[in-house]
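Worksheet for the structure shown next.
Protein chains: 2
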Amino acid sequence: MFYFDNSATTQPSETVMKVVQEVAINYFANPSSIHFMGEKSKALLNSARQQVAELLDYKESEIYFTSSGTEANNWVFHAVLPALGSLHSERKKVIISSIEHPSITAQIEMIERMGYIVELAPVDEDGVLDLKSLAQLITKDVLILSTMSVNNEVGSIQPLDAIAELLKDFPQIVWHVDGIQSVTTQFENMLNKRIDLLSLSSHKFHSVRGVGILAKRQKVDSEPMLYGGGQEAGLRSSTENLPAIVATAKALRLSKESQEIVKPKLKLYREKICQSLTSQKWQVYAEQTGSEHIICAALEGVPGEVLVHALAEKSVIVSTTSACSSRKHQAHHTLKAMNIPEAISTSAIRISMSHTTTDEDVTALINAIEVVSQKFNK
Amino acid sequence: MFYFDNSATTQPSETVMKVVQEVAINYFANPSSIHFMGEKSKALLNSARQQVAELLDYKESEIYFTSSGTEANNWVFHAVLPALGSLHSERKKVIISSIEHPSITAQIEMIERMGYIVELAPVDEDGVLDLKSLAQLITKDVLILSTMSVNNEVGSIQPLDAIAELLKDFPQIVWHVDGIQSVTTQFENMLNKRIDLLSLSSHKFHSVRGVGILAKRQKVDSEPMLYGGGQEAGLRSSTENLPAIVATAKALRLSKESQEIVKPKLKLYREKICQSLTSQKWQVYAEQTGSEHIICAALEGVPGEVLVHALAEKSVIVSTTSACSSRKHQAHHTLKAMNIPEAISTSAIRISMSHTTTDEDVTALINAIEVVSQKFNK
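Going down the list, the sequences are from chains A and B.
Heads up, the first sequence is in UniProt numbering, so the first residue is 1 and it goes up one at a time.
Heads up, the second sequence is in UniProt numbering, so the first residue is 1 and it goes up one at a time.
Next up, the structure:
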């Protein structure tokens, strides 16, 4: 199997699975228990939190573990927005970039029902936020601005440093960044100090499912996301998923440390794959500006699903849009925001890599692209 | 180590860890992906859901996986209550039993802020819901009634069949049961067909952390608990935690199947332990009416924390109240509802067992109780 769907999910590494096993068995006591087994679990939890804090350059007390990236993204509008809204009742606007993941966009209706006005920030033809338009949307009425670090469908890298500049005169605006697709090759891009809230998801960087991270600056208020025993400083009650949290801290460290090796490797792979696609008459999106690990391309006239299945017959695993949208046969959300006509965007696929991607995988992919393209280009 | 804190959390079984490992590595693809690896994951998810549905006697489409018991309990008031409230704006009351877990009681303030009136249903001296009082609270203004199957602090078994009788003339009241402490020995008690919503938590029955179950009858409306990619029939978006879900379905089956062996075994253990406690001048609560696996007892004049640490010195692990309350040094919530004076309830500990509890554990516990009691009874 040649797996190119790493943006949907990655395979947990052996190292991660060993940590899960070790912690699940030997540190199984509840970190909230006051006996020494509980204290041992609590200490391990604290050290995982400290490790994540250092990797992301936040304070330990600013790291909150959730159950998923979706939950972290929901936290922003379910719990932070009401807290801000009650402090600043005169501010009624929320800005969301037009290429966000469904875990953000599916909340828009709810945000509007809560009485806020949602404005969508447009992107250019490469899927990069249009800074001029964004500058016009940023006013003192805005409570939250929500953008991405790396887009999940076309891989476009968002200009976070430039956005931070735009926000210089608006310290009161809470800026959320969805960094979920940023870990593999664009770790640095999500570390801008102006970012107030950052979401991550364990299973996108070879950890096990079941852990999201919300890094939240101390100054940002929040209501509880889940009510109960008072875990996560009272904001997200639930017995902590210690084995998965410890494994995730480790996987995050490995991702950050390997960045400088993985980036150039995947950049070369990406160039080779894009070259092959272009030579076979595919349209490649964000070719020059995209992140090293994601390629989005379309073969006009052939539905994305047909392409996915044709490549799968050659044991090459790619996806249409994001996994979270693919079963719903939704139009390609990001390409739509990039003004790509539906006639061609429905023919798009996503090829997504990771540090586990090998020369052999890439050769198999390029061969499969050739065979499939020739079949449909006839 | 002699572990008697199984109501706080249980050690994942070897069988469960093997399932986690196997699924995490071999079924790692995202169940939402349309390629055949995704389809394979999706099929496994469906079969786990089917298995849980059969074990709990619900339809497959009525089983929702969350990240924890706390999340399942939050779902009731975060997502079901608003949906009911907008359908039945004339009904404004919620009844909650006075001995619920913090994951229910911590929501009360939020429920009241939403504009509802919360009434607490009292319990008798054994921690069992007082049916006469409950009957008086049940009126046609009530939207939701939330009770437990087995109390987490004293082990009292709630009379769910009798409550179902009380609800006979009120089919419109949605009845939620927290079954989280019921799996070990009181599986049957939570299966009453009148129950509309049932919460469970994976790590209370030897599965890994990270899975809660909300069984929800089809007729009960709900808003989404998490917004995003539309997983869990659109009500709880998030990439499904497949390894932990499959392991949890298996652990639930093993718990149900072993019930008839575990119940009498733990009943005998409980009798022996209670006898020892009583002979050492401890006050035992719900002694005759409690669940087989939980014992709550107090040694007057000695703080619960001191007892926990004294027993831990003999390698015997017990807890004060629920793990979720213990670090907060809260008064014993259930004993308070049972009208036990604080002078003695602060001296209470909880001893909680599981099918893994052995003769050797019980002997060690009884010896340690003897030593510790004699020290403090001097």
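For each residue, glycine too, the CB sits at the ideal point set by N, CA and C.
Check                                                                                                                       : Outcome
Whole alpha helix (DSSP H) elements within the region 51-92 of chain A, 4-residue minimum                                   : 69-75 and 81-87
Rounded separation between glutamate 271(A) and serine 373(A) - CA only                                                     : 18 Å
Pairwise C-alpha distance: valine 142(B) and valine 94(A)                                                                   : 36 Å
Sufficient close CB pairs (3 or more, under 8 Å) joining the region 103-120 of chain A to the region 252-261 of chain A     : no
Glycine 212(A) versus Ser279(B), Val154(B), Trp175(B) and Ser67(B), residue with shortest Cα-Cα distance                    : Ser67(B)
Rounded straight-line distance, which links the Cα of histidine 203(A) to that of lysine 59(A)                              : 23 Å
For glycine 69(A), the nearest candidate out of Gly210(A), Val308(A), Val16(A) and Ser146(A) (CA to CA)                     : Gly210(A)
Beta-carbon proximity of alanine 72(A) to proline 224(A), cut-off 8 Å                                                       : no
Proximity winner among Thr356(A), Val16(A), Lys216(A) and Asp169(A), relative to glycine 179(A) (alpha-carbon distances)    : Lys216(A)
Validate contact between the region 356-369 of chain A and the region 2-10 of chain A using beta carbons, cut 8 Å, 3 pairs  : yes
Between the CA atoms of arginine 49(B) and serine 86(A) - distance to the nearest angstrom                                  : 40 Å
Three-state class that DSSP yields for lysine 267(B) in the structure shown                                                 : helix
Under 8 Å by beta carbon: chain B residues contacting isoleucine 95(A)                                                      : Those within 8 Å of isoleucine 95(A) in chain B number zero; the least Cβ separation is about 18 Å.
Contact set between aspartate 221(B) and chain A, taken where Cβ atoms lie within less than 7 Å                             : Per Cβ cutoff of 7 Å: no residues; aspartate 221(B) is ~16 Å from chain A at best.
Contact belief for glycine 221(B) with asparagine 192(B) at Cβ below 8 Å, rounded distance in angstroms                     : Going by the sequence as given, residue 221(B) is aspartate instead of glycine. The Cβ separation is near 21 Å, so there is no contact.
CB contact flag (isoleucine 317(A), tyrosine 3(A), <8 Å)                                                                    : yes
Bounding residues of the alpha helix (DSSP H) (the contiguous stretch that carries serine 133(B))                           : 131-137
Chain B contacts from the region 204-230 of chain A (Cβ-Cβ distance under 7 Å)                                              : Val208, Arg209, Gly210, Leu226, Tyr227, Gly228, Gly229 and Gly230
Secondary structure of proline 252(A), DSSP reduced to three states                                                         : Just to set this straight, residue 252(A) is leucine in the shown sequence, not proline. The answer is helix: DSSP assigns leucine 252(A) an H, G or I state.
Coil, strand or helix - alanine 310(B) by DSSP                                                                              : helix
Delimiting residues of the beta strand (DSSP E) encompassing serine 201(A)                                                  : 197-201
Alpha carbon of alanine 337(B) to alpha carbon of isoleucine 157(B), nearest angstrom                                       : 15 Å
Proximity below 8 Å, CB of leucine 137(B) to CB of serine 97(B)                                                             : no
Assigned secondary structure, glycine 304(B) (DSSP; H/G/I helix, E/B strand, else coil)                                     : helix
Inside the region 94-120 of chain B only - beta strand (DSSP E) runs reaching at least 3 residues                           : none
Beta-carbon proximity of valine 76(A) to serine 146(A), cut-off 8 Å                                                         : yes
Interfacial residues, the region 236-251 of chain A to chain B, with Cβ spacing under 7 Å                                   : Ser237, Ser238, Thr239, Asn241, Leu242, Pro243 and Ala244
Integer Cβ distance of tyrosine 27(B) from lysine 40(B), believed to fall under 8 Å                                         : 6 Å
Proximal residues, the region 3-32 of chain A versus chain B, C-beta separation under 8 Å                                   : Tyr3, Asp5, Ala8, Thr9, Thr10, Gln11, Pro12, Met17, Val20, Gln21, Ala24, Ile25, Phe28, Ala29, Asn30 and Ser32
Close beta carbons around tryptophan 282(A), own chain, < 6 Å, minus the five adjacent residues each side                   : Ala297 and Leu299
Proximal chain C residues relative to alanine 312(B), where beta-carbon distance stays under 7 Å                            : Any reference to chain C falls outside this structure, whose protein chains are A and B.
Cα-Cα separation between phenylalanine 170(B) and glutamate 62(B), rounded to whole angstroms                               : 22 Å
Residues, ordered as in the chain, of the region 103-135 of chain A that lie near chain B by beta-carbon distance below 7 Å : Ser103, Ala106, Gln107 and Met110
Contact under 8 Å by Cβ, lysine 267(B) with glutamate 232(B)                                                                : no
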